[in-house]
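One structure is given below, encoded as structure tokens.
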Amino acid sequence: MRQNILRTIPSVNELLESPEISKLTGLYPRQVVVDAIREVLEDIRQSLTDKTVSKEDIKASSQPFDFSPQKLHDLIQHVLQQKLCGIEHAINATGIILHTGLGRAPLAEEAANQLQNILESFCTLEIEKYSGKRGFRYHNIEQLICMITGAESALVVNNNAAAVLLALDTLARGKEVIISRSHLVEIGGEFRMPDVMTKSGAILVEVGTTNKTYLKDYENAITENTGLILKVHQSNFKIVGFTEAVDLKDLVSLGQTRNIPVVYDLGSGALIELQKYGLPYEPTVQESI
């Protein structure tokens, strides 16, 4: 019985020639439609050759063997939508407020509406509004970030690891980077600080211990080849108890005295005080600057 049903499965070409499915090639690239057809047909074959499915089940269920063009069109359309529009609305019931896997912070309605209004037409992304001359596409966001944080300059990149990589590559390629052992962290996506540092071309210099690092540890590690001092905020874990860490202000003072840049990997980069909302304290960008 299985073999008889398998023989009735239409071919890819037969489906492409059917009026119902040929419409899909006008909406999607032909090869994408072909791949979706093959995926649907393979799923059907797999269900028919599944040894765990009894003959009685096959006989009792007629739905898997409805090979009408309209039925297959719906299955193929579903596959295409899943492939090309895989991101969907979700309910965050994880207990993690800013879940990286669920899109982090949702946009406020006002912000989303403003984006929609702008993106539905041409916009002044990279052009001077009054002169008509070509501008700098990061100018607007740089202005906003500097206004909110008090920074002198700003650049937006994909994520935290990218920002650290660019900073290390720009300021310390081929040079030594001094960092406390307690700051050799791993963040989401398996981004490990030692790996990011290696990729940047910087030379890792560990100081202190896992639980205690003093200012003198940084001072004693400075050489003629020191490129920068790196401090990393322990945002996704805590070391408590018998501990000692160097305050950011002291590191900055040391860097100024020895003419060495200090980079602070702030992690989440909070822009507002979270405690007023009943959340644990996180240093803000403003206070860190």
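The numbering of the sequence shown is the numbering used here, which starts it at 792 and goes up by one. Where a beta carbon is used, it is the ideal one built from N, C-alpha and C, also for glycine. In this text, all values refer to a predicted model and were calculated from it rather than measured experimentally.
Considering only the beta carbon of each residue, do residue i and residue j sit closer than 8 Å?
i, j, result
"I812", "L863", "yes"
"L832", "V824", "no"
"A954", "A993", "no"
"K1003", "E977", "no"
"L797", "L866", "no"
"K1022", "H974", "yes"
"L1057", "V1076", "yes"
"A958", "F982", "no"
"S991", "L956", "yes"
"H1024", "P985", "no"
"T885", "G979", "no"
"R928", "L916", "yes"
"V870", "E830", "yes"
Compute the Euclidean distance between the alpha carbons of residue i and residue j, then round it to the nearest angstrom.
i, j, result
"D960", "R836", "52 Å"
"V1053", "V996", "14 Å"
"N1027", "D826", "41 Å"
"G1046", "D1038", "13 Å"
"G999", "A902", "45 Å"
"L946", "N931", "11 Å"
"E933", "V803", "52 Å"
"Q905", "Q1066", "29 Å"
"G817", "Q872", "15 Å"
"L898", "L1070", "20 Å"
"N1016", "R1049", "12 Å"
"K924", "L935", "21 Å"
"P810", "P820", "16 Å"
Between which two residues does the alpha helix (DSSP H) containing residue i stretch?
i, result
"K1040", "1039-1049"
"S838", "821-840"
"V1053", "V1053 -> not in any alpha helix (DSSP H); beta strand (DSSP E) instead, spanning 1053-1056."
"S1079", "1076-1079"
"A902", "900-910"
"T961", "951-963"
I'd like to know whether the C-beta of residue i is nearer than 8 Å to at least one C-beta of chain C.
i, result
"A958", "The question asks about chain C, but that chain is absent: this structure has only one protein chain."
In the DSSP assignment, the beta strand (DSSP E) including residue i goes from what residue to what residue?
i, result
"E967", "967-971"
Checklist entry - Below 8 Å, can you find three or more Cβ-Cβ pairs linking the region 937-949 to the region 968-978? => result no
Checklist entry - Mind pulling the alpha helix (DSSP H) runs of 4 or more residues that sit fully within the region 991-1031? => result 1006-1012
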